Each structure stands twice: as structure tokens, then as C-alpha cells.
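Visitor: Residue numbers (mature numbering (1 follows the signal peptide of the UniProt record, and there is no 0)): -24 to -1, 1 to 203.
Just so it is clear, CB atoms sit at the ideal spot from N, CA and C, and this is done for glycine as well.
Computed from a predicted structure; not experimentally measured.
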């Protein structure tokens, strides 16, 4: 039982270090992040496999997230598009895992409907704001960015719905993971398309992102093993 604790601690430590480094601008720190950031998803995958054999969709999501992480290390438009493509694939894979059939007694239908309304509102609001902003700066990105915003919100809602249906510790992990991933991607959009740079925002992006990934992986692992 020692190895799972060790791999989780290493992931947490590297995540914290990378989050702290994310807002720094010095060339030396940027070079360090070319080591810490690409290491995140392999470490999380190692921890997932040290507990049990995770869902295939989780492995795919972590691999696609690694592509996204590496792509976003490059500040160019090409790097951004590679990053968005990687994370779109990750969200789609998580979505597949989260929408697997589970018992639904209907007792939590009102809460699920409220969550659906909240995520729909968030998706429409974010998509509208980004559309207006990109109309002024980069019209070609309007459709892919709006589609990505919809995908993010759909995955976030699916995680909350699955968490409500699952209940217990795994359910709480899924709910928190879905919300944090949605928040993290919203912060990325603010960083990329906002009217100005906000101090410390990149650190918050990475903190919410790495937490979300760990929570989704743990929630799906435990929810699946309990079935």
C-alpha cells in the first residue's frame, strides 16, 4: 500500500510546484516548466494504475491532456490550437466514461435539472462573450472556441450528474472535479482572450486543473470499483 501513497504525493508536489511557477515570466522558470508540466499527466496515470486498472477512457483522457499540456507551453496560435485539440479529446473521453449507464431512482432529478440549467447558462454566457471578443480580434476562432466551450460545459455537467447519482466519496470527487475543470478552462479563456493580463491567474489555472484531473480520475476509479 506504500506505492499508491507515494505516487499521489509526487503528483501533488509536482502539481503545486508547476502551479507556483506558472505565473513567473523569467526564461529560467519557463525552462523548468518544460519539465514539470509535461510530467503531470504521466504521474497521474502512474498513480491511477498503482491503485487498479483504470477505465480505458481515463487513460485516453490523460494522454490527450498531456498533448494539451505540451501544446499550451507554446504561446503561439498553433500551440494554442494543439492544446485545445488535446483537451477537446480529453473532455470527449471523460464524457464517454461519465455517461455510462448507472442506476437512476429519480430522487435527485430536481438537483440534476438545476445543475443542467447552471451549466447551460454558463456555456451560453461564455460562448456569447467569447464570440463577441473574437469577432474583434480573431473571427476564425469563433466557431471552434464556442464549440469547445459547449463541450467543456457538457463534460462538467456529466460529472456533476454522475456524482449525484453515485453519491458518497466518489460522487463528491466527480462533482468537484467537473466544476473545477469547467472553472479552469474558463480561466484559460480569460487568460487567452481577456482584455488584459491578470497577476497570478496562470497559477490559479494550474491549481484548479491539476485538482480537477485528480478528482475525476479518483471519482471514476472508485465509482467503477463500487459497482
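With the cut-off set at 8 Å, would you say residue -17 and residue 178 are in Cβ contact?
Guide: no
Visitor: Expressed to the nearest angstrom, what Euclidean distance is found between the alpha-carbon atoms of residue 200 and residue 66?
Guide: 19 Å
Visitor: Helix, strand or coil for residue 30? Go by DSSP, reduced to three states.
Guide: coil
Visitor: Of the residues 117, 104, 29, which one's Cα is nearest the Cα of residue 196?
Guide: 29
Visitor: In terms of residue numbering, what span does the alpha helix (DSSP H) encompassing residue 129 cover?
Guide: 118 to 142
Visitor: Please go through the same chain and pick out, in chain order, the residues whose beta-carbon is closer than 6 Å to the beta-carbon of residue 22, but skip the five residues on each side of it.
Guide: -18
Visitor: So, with DSSP's three-state summary, where would you put residue 173?
Guide: coil
Visitor: Under the three-state reduction of DSSP, which class applies to residue 80: helix, strand or coil?
Guide: coil
Visitor: Using a Cβ-Cβ cutoff of less than 6 Å, which residues in the same chain neighbour residue 63 once the five nearest sequence positions on both sides are dropped?
Guide: Correct list, in chain order: 44.
Visitor: Using three-state DSSP, classify residue 179 as helix, strand or coil.
Guide: Secondary structure of residue 179 (DSSP, three-state): helix.
Visitor: Write down the C-beta distance between residue 47 and residue 36 rounded to the nearest angstrom, noting that I regard them as a contact closer than 8 Å.
Guide: Incorrect: roughly 17 Å between the Cβ atoms, too far for contact.
Visitor: Are the Cβ atoms of residue 152 and residue 191 separated by less than 8 Å?
Guide: yes
Visitor: Taking contact to mean 3 or more Cβ pairs, one atom from each stretch, closer than 8 Å, check whether the stretch 157 to 164 and the stretch -15 to -3 are in contact.
Guide: no
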